[in-house]
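Counting from 1 along the sequence shown, just add 16 to a position and that's the residue number in this note's numbering. These notes concern the structure reproduced below.
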Amino acid sequence: MKVVVLNATENQIKPIELANSANSIYAIKNDKGKITSINFFGEDKHKTKQIDLQHKHQGMIPHTHEFHGEKYHPSSARPCTPEELAIIARAKEFAQ
Ligand SMILES: [Zn+2]
Numbered sequence: 017m018k019v020v021v022l023n024a025t026e027n028q029i030k031p032i033e034l035a036n037s038a039n040s041i042y043a044i045k046n047d048k049g050k051i052t053s054i055n056f057f058g059e060d061k062h063k064t065k066q067i068d069l070q071h072k073h074q075g076m077i078p079h080t081h082e083f084h085g086e087k088y089h090p091s092s093a094r095p096c097t098p099e100e101l102a103i104i105a106r107a108k109e110f111a112q
């Protein structure tokens, strides 16, 4: 698993739809140096999951969206799992 940090503006909530490599994770950092989202891509390089850290969804920050073919931001979200929280911590370290 690798974490790639890209510079992005704060209001960019549509980071990347397609990854360059399969089974990768991309953390998106805004211009203030904060991670805005962590995006997971599967075997076919399409997004499988997105963790959002800077906006509320159903009252939750952070939260996770599971992708099932949606292009952007599925309407339902769930709380992050302990594994996902660990990935967030790693991404934040990596972004510094
Ligand atoms: Zn969201």
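All C-beta atoms in this analysis are idealised placements derived from N, C-alpha and C, irrespective of residue type, glycine included.
Considering only C-alpha positions, which residue in the set the options is nearest to residue i?
{"i": "residue 93", "options": "103, 45, 78", "result": "78"}
{"i": "residue 40", "options": "95, 52, 59, 99", "result": "59"}
{"i": "residue 83", "options": "61, 98, 102", "result": "61"}
{"i": "residue 85", "options": "36, 46, 51, 65", "result": "65"}
{"i": "residue 89", "options": "101, 50, 111, 71", "result": "71"}
{"i": "residue 3", "options": "99, 49, 91, 98", "result": "Because the chain here runs from 17 to 112, residue 3 falls outside it and cannot be looked at."}
{"i": "residue 36", "options": "53, 46, 57", "result": "57"}
{"i": "residue 38", "options": "63, 52, 105, 96", "result": "63"}
{"i": "residue 95", "options": "42, 80, 45", "result": "80"}
Exposed or buried, residue i, counting other C-beta atoms within 10 Å across all chains shown (16 or more means buried)?
{"i": "residue 68", "result": "buried"}
{"i": "residue 2", "result": "Here the chain has residues from 17 to 112 only, and residue 2 is not among them."}
{"i": "residue 98", "result": "exposed"}
{"i": "residue 87", "result": "exposed"}
{"i": "residue 91", "result": "exposed"}
{"i": "residue 121", "result": "Examination of residue 121 is not possible in this model, given that the chain is present from 17 through 112 alone."}
Residue range of the beta strand (DSSP E) that residue i falls in?
{"i": "residue 114", "result": "The first residue shown for the chain is 17 and the last is 112, placing residue 114 beyond what the model contains."}
{"i": "residue 66", "result": "63–68"}
Would you kindly report the start and end of the unbroken alpha helix (DSSP H) that includes residue i?
{"i": "residue 77", "result": "Segment: none, residue 77 is in no alpha helix (DSSP H) and carries neither H nor E."}
{"i": "residue 56", "result": "Taken as a continuous stretch (DSSP letters only), residue 56 belongs to no alpha helix (DSSP H), being part of the beta strand (DSSP E) at 51–57."}
{"i": "residue 108", "result": "98–111"}
Quiz: which residues have CB nearer than 6 Å to ligand 1 non-hydrogen atoms: 68, 71, 73, 79, 81, 89, 93
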